[in-house]
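Student: Numbering (this note's numbering), first residue to last: 279 to 398. All C-beta atoms, glycine included, are put in the ideal place defined by N, C-alpha and C. From a predicted model like this one, the values you see are computed outputs, not experimental measurements.
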């Protein structure tokens, strides 16, 4: 069980590394220049704007969401018996799970699927 706990804590760092690596690769394949002043991050996942790198960005979003789920599960160990802290951790973990699933689905339903992407 100790190895599983270590793996779950490592998942948070892995999520950051995966997102940064896939985003950097997608930016490298973006035609022309990519910058925050003239593009949204989700433009990296749009196959019309980024035909060669969109799949990488979308895969990175999905994998990052998957990596965040065990990370938020691992936060259980920091929970205390004090009611107000227990509630705060519960709200934080539930919000984290929702964000992780939103990230996964934003990768699955990229900007190419306009209506679904706006919901994700």
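On a Cα-Cα basis, can you pick out the residue from 329, 320, 295 that is closest to residue 310?
Tutor: Translated into positions along the chain shown, residue 310 becomes position 32. The candidate whose alpha carbon is nearest that of residue 310 is 329.
Student: Go to residue 373, then tell me how far its alpha helix (DSSP H) extends in each direction, as first and last residue.
Tutor: In the chain shown, the residue the question calls residue 373 occupies position 95. Taken as a continuous stretch (DSSP letters only), the alpha helix (DSSP H) holding residue 373 covers 361 to 386.
Student: In terms of alpha-carbon separation, which member of 333, 355, 314 lies closest to residue 287?
Tutor: Position 9 of the chain shown, counted from the first residue, corresponds to residue 287. Checked all of 333, 355, 314; the closest Cα to residue 287 is 355.
Student: Using the Cβ count rule (16 or more neighbours within 10 Å means buried), how would you classify residue 312?
Tutor: Position 34 of the chain shown, counting from 1, holds the residue named residue 312. By the neighbour-count rule (16 or more Cβ atoms within 10 Å), residue 312 is buried.
Student: With a cut-off of 8 Å on the beta carbons, I'd call residue 289 and residue 337 a contact; round off their distance for me.
Tutor: Taking the chain shown and counting its residues from 1, the one referred to as residue 289 is at position 11. Taking the chain shown and counting its residues from 1, the one referred to as residue 337 is at position 59. Not really, about 17 Å apart at Cβ, beyond 8 Å.
Student: Tell me the residue span of the alpha helix (DSSP H) that contains residue 334.
Tutor: Within the chain shown, the letter at position 56 stands for residue 334. Where residue 334 is concerned, the enclosing alpha helix (DSSP H) stretches over 332 to 352.
Student: Tell me the rounded alpha-carbon separation between residue 368 and residue 386.
Tutor: The count along the chain shown starts at 1 and reaches residue 368 at position 90. The count along the chain shown starts at 1 and reaches residue 386 at position 108. So the alpha carbons of these two residues sit roughly 27 Å apart.
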